[in-house]
Structures are given as structure tokens and as C-alpha cells.
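> This is the structure I want to talk about, given as C-alpha cells.
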Amino acid sequence: MTKILIVEDEQGLVTLLSYNLEKQGYQVSVCMDGQKVMNTVAGDKPDLILMDWMLPNVSGVELCQMIRQNYETKETPIIMLTARGDEADKVKGLSQGADDYMTKPFSVPELMARIGALLRRTKTAPVRENLSCAGLEMNFATHQVTRDGEPVHMGPTEFRLLQELMQKPGHVISREELLRLVWGGSIFVELRTVDVHIKRLRAALNFGKKPDIIRTVRSAGYAIKVDA
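If you use the numbering used here, the sequence shown corresponds to residues 7 to 234, in order.
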């Protein structure tokens, strides 16, 4: 059974989310204290996390960073739930590790659709050989990436983005096409989300002041630099 962890300190919302998730057949666990989240994640090993931004003691954004930095939890999908609806807040949440973002108050059916789409995307294992280009190696069996032989740590969305770019090295792929390939063309995901995750992918790949391996073509899209 698919397990979903709700990280939220508002009891009414916890009850609403738990009821609807269990109705969809998910196994639900709840954590209402930010300081206990990492232990809960390690113990329950959820398939997806619904994370409130504003939590006691530790913010949801800080927890996203901690989850992404932990080897055992770094690929766990996270949907951020928050009353902060400004674009800058959305970008910050996505930049710090969230895979998706919903502003309160939100539509429960839309949230259920986003959860389903994110789970389908992250659970679909590529059935193909490993990819290699420009010093990058992508191993589908271990779900690991290396650059010049050194491990690169990234989340599931960044892994899928890199996969699509590595399949056509040197070719420019539009934001719209990346949205369709990685997010499944979901009507709920904005094009801006692609840019945010590309920024996160760049940060992961360009560790140790390595040269930028992703080329941005204005008004066209992104490509892997084959001569990097």
C-alpha cells in the first residue's frame, strides 16, 4: 500500500487530508512537530510527503532541505502546502526541494490529482540501458548519477529532467516538451516550475565549481552541452 506522510500542525486540515487520502486507498501517517519529521520519515519510509510550510520549531522549507540532503530520503516526493501564494514563495519552496506546491485554501480533488500524478511519475522505472554523455553517467538500476566519476546527488524530478536531456545530447528541448515528458503534461504544473527544477539540477551537477553543463537557449529551451 502506498504510504503518505502528512506534516501539518492544523488538526482540522489533518483530519480532512487523512479522510480523503484513506478514501483513495493510501496508508496515512501524521507528524505535527517539525523536529520529529526526520525520525518519522526514516521510520515510516513514506512514498510521498505533504509538507506544510509553517510548522512549530522547524519550517517546511528547512525540512525539505534536510530530506534532500539525506541519502535515504533524498528521492522522496514532496508537495508543499502553504498559505504563502506569492510567486517568490513558490520559487523558494521549489528551489529548496519541493516537487510541487499548493496554496491554501486548495481544492481537495486537485490535490488528489497532483498526488496521483507525482506518484506515477516517480514510480515509473525506466526500462532501458544506462545513459552516458559529456562526462555524465546515469545508472537506472541504482538510480545514481556521476559526473567525471564523482557521485551527483539530486531529487527524483531532477533525475527525470536529466534523463530527458541526456537522451538527446546537444539538442534543445523546449520547456513545454520537458513539462510533457517529465510531468506528464499535467495542467496543474506551471512552465515556471521547469525553470526552477533546471536551476536545482544545475546546482547538483556543477558541484566543486565545475563548468555549467546545461545550455539555456533563450525562448527555446535547454540542452546538455556535448562539448562540456
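Glycine is no exception: its CB is placed at the ideal position from the N, C-alpha and C atoms.
Would you grab the beta carbon distance between Ile230 and Pro157 for me? Rounded to a whole angstrom, and I think it's under 8 Å.
About 18 Å separates the beta carbon of Ile230 from that of Pro157, a gap too long to meet the 8 Å contact definition.
> Tell me the DSSP secondary structure of Gly18 in three-state form.
In the three-state DSSP reduction, Gly18 falls in the helix class (H, G or I).
> To test your reading of the DSSP string, which unbroken beta strand (DSSP E) runs of 3 or more residues are found completely within the segment 65-117?
84-88 and 106-109
> Comparing C-alpha positions only, which one of Gly66, Asn45, Ala226 and Leu211 sits nearest to Glu182?
Ala226
> Name the residue from Thr21, Lys216, Met160 and His177 whose alpha carbon lies nearest to the alpha carbon of His203.
Met160
> Would you tell me roughly how many angstroms separate the C-alpha atoms of Pro132 and Val188, rounded to the nearest one?
With a pLDDT of only 47 at Pro132, under 50, the local geometry of the prediction cannot be trusted, and no value is derived from it.
> Assuming the contact rule is C-beta atoms closer than 8 Å, Leu125 and Leu22 should be a hit. Round their C-beta distance to whole Å, please.
The pair is not a contact, with the Cβ atoms about 20 Å apart (cut-off 8 Å).
> When you compare the CB positions of Lys185 and Leu197, do they come within less than 9 Å of one another, or not?
It should be noted that the sequence gives Leu, not Lys, for residue 185. Yes, the pair counts as a contact, with Cβ atoms nearer than the cut-off.
> If you draw a straight line from the C-alpha of Met7 to the C-alpha of Arg120, how long is it?
18 Å
> Measuring only the C-alpha atoms, how far is Gln173 from Leu137?
Their backbone Cα atoms lie some 7 Å apart in a straight line.
> Just the Cα atoms here: how many angstroms apart are Pro217 and Ala123?
34 Å
> Taking the alpha carbon of Thr152 as the point to measure from, which residue in Ser180, Ala210 and Arg166 has its own alpha carbon closest?
Ala210
> Note down, one range per segment and in chain order, each beta strand (DSSP E) of at least 3 residues found wholly within the segment 132-194.
137-139, 142-145, 150-153 and 156-158
> Excluding the 5 residues preceding and the 5 following Gln41 in the sequence, name in chain order all residues of the same chain whose CB lies nearer than 7 Å to its CB.
Asn63 and Val64
> Closest by CA to Met60, which one among Val13, Lys215, Val47 and Asp92?
Val13
> Would you mind working out which of Asn212, Lys205 and Thr88 sits nearest Ala140, comparing C-alpha positions?
Asn212
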